[in-house]
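Comments concern the structure below.
In the numbering used here, the protein residues as written are 8 to 311.
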């Protein structure tokens with residue numbers, strides 16, 4: 008008996024990388040799994056049904072139950088079909104893992120409307136669309152698990168990823184809203200920020216020594232390291248954990264802070280721009296966050 012015995016899980020973008028490892032682990036823990044993958048490129052172009060079919064074949068070969076789905080998360084109708092696939096094959100849904108993603112990196116002043124829209128539609132809109140479709144059933148059965156994928160690109164920051172960072176930080180807000188709206192129905196919602204070598208990471212430019220060093224560290228970390236946390240958060244053992252943001256980096260698991268007031272200033276007569284110029288920076292500067300990127304803040308070698 009695995010920790011997910013009798014559960015039905017939908018894992019988006021699970022034909023390769025982190026999603027694939029999550030689908031395999033959840034199946035190994037007893038879940039029936041919908042393997043969703045459009046089979047597109049790193050930028051979201053094209054489609055190949057074999058990508059999802061191969062994961063389904065592996066699960067069935069090990070005695071598990073799985074069904075493939077090839078719809079895109081980036082449309083309302085596609086998301087509805089993904090969740091309906093679970094209902095058609097397994098008559099329910101207990102777990103949704105919003106993992107599907109693409110990358111279209113570009114420095115801000117060169118980013119196109121299409122590059123912005125494509126990434127937001129897949130990551131942020133896709134997470135909402137699939138969650139919205141699943142939430143109806145979670146509410147009816149009064150149970151459910153939502154696991155969303157964020158990134159330190161949004162939590163901390165990276166150069167050339169305004170679209171990706173905006174989507175990934177938006178997913179944190181979406182997850183918290185899900186946790187608040189659905190807590191009365193025994194539904195939890197949490198985020199994972201993964202560090203692992205995947206085909207998306209392989210597209211990161213390595214034009215400067217800092218980026219090259221970052222990618223070399225990521226290359227040492229397996230997508231399989233991320234799957235156990237997703238499996239745990241999907242289980243009944245995690246029923247009291249919700250609205251949290253975790254990170255997985257090799258054999259390390261992080262709990263990230265979330266925005267809270269750290270210091271205040273007050274003037275009983277009211278503020279003017281001149282008063283703020285004299286007081287705001289000197290008083291609050293020691294609490295300002297530096298303008299660092301993910302690799303600078305998390306600079307130590309991964310524990311692998």
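The beta-carbon is built from N, C-alpha and C at its ideal position, and this holds for glycine as well.
1. If the criterion is Cβ atoms closer than 7 angstroms, does the pair residue 201 and residue 25 meet it?
2. Is the beta carbon of residue 127 closer than 7 angstroms to that of residue 59?
3. Consult DSSP for residue 155 and reduce its assignment to one of helix, strand or coil.
4. Assign residue 36 to one of two classes, buried (16 or more other C-beta atoms within 10 Å of its C-beta) or exposed (fewer than that).
5. Give me, in chain order, the residues of the same chain whose beta-carbon lies closer than 8 angstroms to that of residue 66; leave out the 5 immediate sequence neighbours on both sides.
6. Under a three-way DSSP split, which group does residue 201 fall into?
7. Roughly how many angstroms separate the alpha carbons of residue 291 and residue 270, rounded to a whole number?
8. By DSSP, does residue 295 sit in helix, in strand, or in coil?
9. Taking Cβ positions, are residue 203 and residue 230 nearer each other than 7 angstroms?
10. Looking only at DSSP bridge pairs, what is residue 254 linked to?
11. Using the three-state DSSP reduction, which class does residue 179 fall into: helix, strand or coil?
12. By the three-class DSSP mapping on this structure, what secondary structure does residue 166 have?
13. Do residue 154 and residue 262 have their CB atoms nearer than 7 angstroms?
14. Less than 8 angstroms between C-beta atoms, sequence neighbours within five positions excluded: which residues of the same chain meet that for residue 89?
15. Residue 94 lies in the alpha helix (DSSP H); which residues open and close that run?
16. In terms of DSSP beta bridges, what is residue 17 paired with?
17. In this structure, does DSSP put residue 194 in helix, strand or coil?
18. Locate the alpha helix (DSSP H) running through residue 34, then write down its first and last residues.
19. I need the DSSP call for residue 146, collapsed to helix, strand or coil.
20. Using a 10 Å radius around the Cβ and a threshold of 16 neighbouring Cβ atoms, would you call residue 109 buried or exposed?
21. Could you tell me the alpha carbon to alpha carbon distance between residue 300 and residue 161, rounded to whole angstroms?
22. According to DSSP, simplified to helix, strand and coil, what is residue 310?
23. Please name the residue or residues paired with residue 285 in a DSSP beta bridge.
24. Look at residue 232 and residue 252 and say whether their C-beta atoms are less than 7 angstroms apart.
25. Is residue 295 buried or exposed, if buried means 16 or more other CB atoms sit within 10 Å of its CB?
26. Report the residue from 143, 250, 99 and 91 whose alpha carbon sits nearest the alpha carbon of residue 264.
27. So residue 75 is in the beta strand (DSSP E); what residue range does that whole segment cover?
28. Relative to the alpha-carbon of residue 95, which residue among 172, 68, 119 and 15 has its alpha-carbon at the smallest distance?
29. Let's see if you can read the secondary structure: which residues bound the alpha helix (DSSP H) around residue 301?
30. Taking the alpha-carbon positions, what's the residue 216 to residue 168 distance?
31. Apart from the five residues on each side of it in sequence, which residues of its chain come closer than 6 angstroms, Cβ to Cβ, to residue 158?
32. Return helix, strand or coil for residue 139, following the three-state DSSP convention.
33. Within the continuous alpha helix (DSSP H) that includes residue 6, where are the two ends?
According to the data block:
1. Yes. Within cutoff.
2. The Cβ atoms of residue 59 and residue 127 do not sit closer than 7 angstroms to each other.
3. strand
4. Buried: at least 16 other Cβ atoms inside 10 Å.
5. 30, 31, 34, 40, 42, 72 and 73
6. strand
7. 7 angstroms
8. coil
9. yes
10. 200 and 261
11. helix
12. Residue state, collapsed to three classes: coil.
13. no
14. 17, 19, 41, 43, 76, 78, 80, 137 and 140
15. 83 to 97
16. 41 and 103
17. strand
18. 24 to 35
19. Residue state for residue 146 is assigned as helix, using DSSP reduced to three classes.
20. buried
21. 10 angstroms
22. Strand.
23. In DSSP, residue 285 forms no bridge with anything.
24. no
25. exposed
26. 250
27. 73 to 76
28. Looking at the Cα atoms, 15 is the closest of the given residues.
29. 301 to 304
30. One C-alpha to the other measures close to 18 angstroms.
31. 175 and 200
32. helix
33. With the chain running from 8 to 311 in the structure shown, residue 6 is simply not present.
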